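Protein chains in written order, with my numbering: chain L, 715 to 1116; chain P, 715 to 1116.
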């Protein structure tokens, strides 16, 4: 089993239903929600409007673009209504959204439009052995842009590129995530992938570490190297996982669906489209792969399920429990996110669980710390331990864990 | 087409994909999220822990409970992996969650557990003609309880009943929603439905308006009337829609899955379960049915997509636009949720759209109001109009629209 799935299952973040199909338990759902919120903030900041399309897909819509046939799109799950009408389960949503936008785009005044969703995709992968890094059912953020001309499309495309860079930086993957040139299809020379370096990745990319760009193996030609001003000798082959991608669609779908608009000069023109994906679950799996250590998960603060893991090492008189219960209430009341472990277990077991779960700051209360009027404060990432009074704890939490 | 779908489509809240399958557009998604948040708050307040299970369902799990066969559960959508392994699309999640909880429940110390999710259900309904009140694909909040004995189960069941009453009261449906006695299955005499009175409902219930309880047609017997202390003569038959239901499952699923625990006395016992559903989309559809008027939708403040509909009636000099742009920025900066209509359309069209969309407070700026140094403030529900200065506007928004 992939390392991300192994760790996340053992730590109680996810549950495997079948290969490539994972449920999210309370800890895992909290991480997912935080990843989703970082992405949502950046999508709203560039003018994205959030919607939710459906999983059940009308066959007719996909016949319009010529992608209904299993030989064209080979990851379909299909099903049917009681009257035998065939339906597909959405693997992606270009078709459905283009058809929908015909109701909302008629004039240049209706453009541009940037529409996104967090929606469950179903992909009938033959192999699904990478944990939550490649699922048969998974949540995807997909943004679609609708522009009146190539120039405004290009401008927005660059905006998304920057937004994606901000997202991966905020999620703690910035320094190992490369904008990677990949093949572009009929309407543009390149598409761009965001590839995060990890041995667990399924892709091979060629990285120029100084220039901080990369080239996907599939487009590594002399012509492309020249285009990008990159020397073959400066490239190192690395394993990576594609955490995001952005793609110019041109008029591929607007032609098929006749998604046209009346321009300012009265002429009828097809809408220029783009699509932009990030899989929050894949991001979570990637973070589990690259930021964990031998003891378990290590969450960046911004997406940690809780900021503080509060551990009471119970004494027989109940003093520790009483003190820690009160401290827990105090911390929660002041808005800190605290996971409280007051289980009646040995200290070693509780510490091992805390290491495995990977919450950034651990606060330990024992009869010893009570006697000294301190708590023990441990940083999960650095391992640094200090004994501090309650006033200092409050101060640190205000600084760090808000 | 059902009235709720007609209104919500015309006002741009939802989009029909196929019968019973609706996408949520920006306005609709905002309403859904607010309904979801009200429910989430109440679920968390009674100790619920949020998770997300999956749509793709393992056939084996459903064979364990005997519900895989289409003759037992007649709303299955089924699909298959490339290797021909059959999968189901989740119509409900008792089976999957009971199987999952075997990993987390072993001892009385692990009980009780209250687990809930907001998850997409797929139901292959033969007819789906009630708009978003009965979908083939829809989001459901389903809560499941795991208790060690009947008494603690019963206590929690009553807690959920109260939480549900709070939810429907907060959503503006309290006065027309009845706790309705329905058949209970093998493990309890009754289950309880929350039925909201509306001519658009598919159910018939018998209502005692004074006692504020109701009886589902299916259990209306002399014995039941005696049980509930209700006289037949006091009952009025009404059409209603089931917006929620709560159900004691007893050991139906824990027996099938051998979900047992070691009790304090060392004996092995089956877990006592309950399930508790609310469909946020159905609630939204119901509100569209019962709270709209001849001009369109009328959202209760708590779930309105925005609190304020700001309408600029543009003049040629651009004074109105400049003033309203600045007012919009001011309102948004201070945290108000504002939908801004600065389209270059006739006043009548803009007012008709605003009535249709149904945002609680409308603020109109025109050259006339500018000259008088006021804005026009209109309450969507009462129709009351007043002319007020900006200071008074701020005050009202702080009071009403925060």
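All residues carry an ideal CB built from backbone N, CA and C; glycine is no exception.
All values reported here derive from a predicted model rather than from experimental measurement.
The distance from the Cβ of residue 989/P to that of residue 871/P is about 10 angstroms, inconsistent with a contact at the 8 angstroms cut-off. Here residue 766/L is bridged, per DSSP, to 738/P.
When 1101/P, 928/P, 1084/P and 1096/P are compared, the shortest CA-CA separation from residue 1090/P is found for 1101/P. Scanning its chain for C-beta atoms nearer than 8 angstroms, with the 5 sequence neighbours on each side dropped, one finds no residue around residue 1109/P. A Cβ-Cβ contact shorter than 7 angstroms links residue 975/L with residue 819/L. By the C-beta criterion, the segment 1034-1052 of chain P is judged not to be in contact with the segment 1092-1099 of chain P, since fewer than 3 inter-stretch pairs fall below 8 angstroms. For the pair residue 718/L and residue 986/L, the Cα-to-Cα distance works out to about 38 angstroms. For the pair residue 952/P and residue 919/P, the CB atoms are nearer than the 7 angstroms cut-off.
Using a Cβ distance threshold of 7 angstroms, residue 954/P and residue 911/P count as a contacting pair. Separation of residue 759/L and residue 881/L (C-alpha to C-alpha, rounded to the nearest whole angstrom) is 12 angstroms. Classified as exposed, residue 1008/L has fewer than 16 neighbouring CB atoms from the shown chains inside 10 Å of its CB.
Per DSSP, the unbroken alpha helix (DSSP H) holding residue 813/P starts and ends at 808-815. Rounded to whole angstroms, residue 727/P and residue 925/L show a C-alpha spacing of 46 angstroms.
Counting C-beta atoms within 10 angstroms of its own C-beta, residue 797/P has fewer than 16 neighbours from the protein chains shown and is therefore classed as exposed.
Taking a Cβ-Cβ cut-off of 7 angstroms, the neighbours of residue 850/L in chain P comprise 770, given in sequence order. Within its own chain, no residue has a Cβ closer than 8 angstroms to the Cβ of residue 1060/L once the five positions on either side in sequence are excluded. In the DSSP assignment, residue 818/L falls outside any beta strand (DSSP E), carrying neither H nor E. For residue 731/L, the nearest beta carbon of chain P is closer than 7 angstroms to its own beta carbon. Contact between the segment 736-746 of chain P and the segment 968-983 of chain P is absent: fewer than three C-beta pairs spanning the two stretches fall below 8 angstroms. Within chain P, the residues placing a beta-carbon under 7 angstroms from that of residue 838/L are 795 and 796, ordered along the chain. Burial state of residue 821/P is exposed, judged by a 10 Å Cβ sphere holding fewer than 16 other Cβ atoms.
The three-state reading of DSSP puts residue 826/L in coil, since its state is none of H, G, I, E or B.
Non-local C-beta neighbours of residue 730/L in its own chain, meaning closer than 7 angstroms and more than five positions away in sequence, comprise 719, 723 and 736, ordered along the chain. In this chain, residue 1012/P is not harboured by any beta strand (DSSP E), its DSSP state being neither H nor E. Taking 4 residues as the minimum length, the alpha helix (DSSP H) runs contained wholly in the segment 918-969 of chain P are 936-942, in order along the chain. Segment contact: the segment 882-896 of chain L against the segment 932-952 of chain L, three or more CB-CB distances shorter than 8 angstroms; contact assigned. Spanning the alpha carbons of residue 772/P and residue 813/P requires a straight line of approximately 11 angstroms. Annotation: residue 1068/P to residue 874/L spans about 33 angstroms, alpha carbon to alpha carbon. Under a criterion of Cβ atoms nearer than 9 angstroms, the residues of chain L adjacent to residue 740/P are, in order, 763, 764, 765 and 829.
Per DSSP, residue 1046/L lies in no beta strand (DSSP E); the unbroken alpha helix (DSSP H) holding it starts and ends at 1033-1047. At a cut-off of 7 angstroms between beta-carbon atoms, residue 791/L makes contact with chain P.
Residue 802/P and residue 1048/P have their alpha carbons spaced roughly 48 angstroms apart. Residue environment analysis places residue 1099/P among the exposed positions, since fewer than 16 neighbouring C-beta atoms fall within 10 angstroms of its C-beta.
Proximity of residue 735/P to chain L, defined by a Cβ-Cβ separation below 7 angstroms, is satisfied. Taking 7 angstroms as the threshold, the shortest C-beta distance from residue 743/P to chain L falls below it. Excluding sequence positions up to five before and after residue 950/L, its CB lies within less than 6 angstroms of the CB of 921, all in the same chain and listed in chain order.
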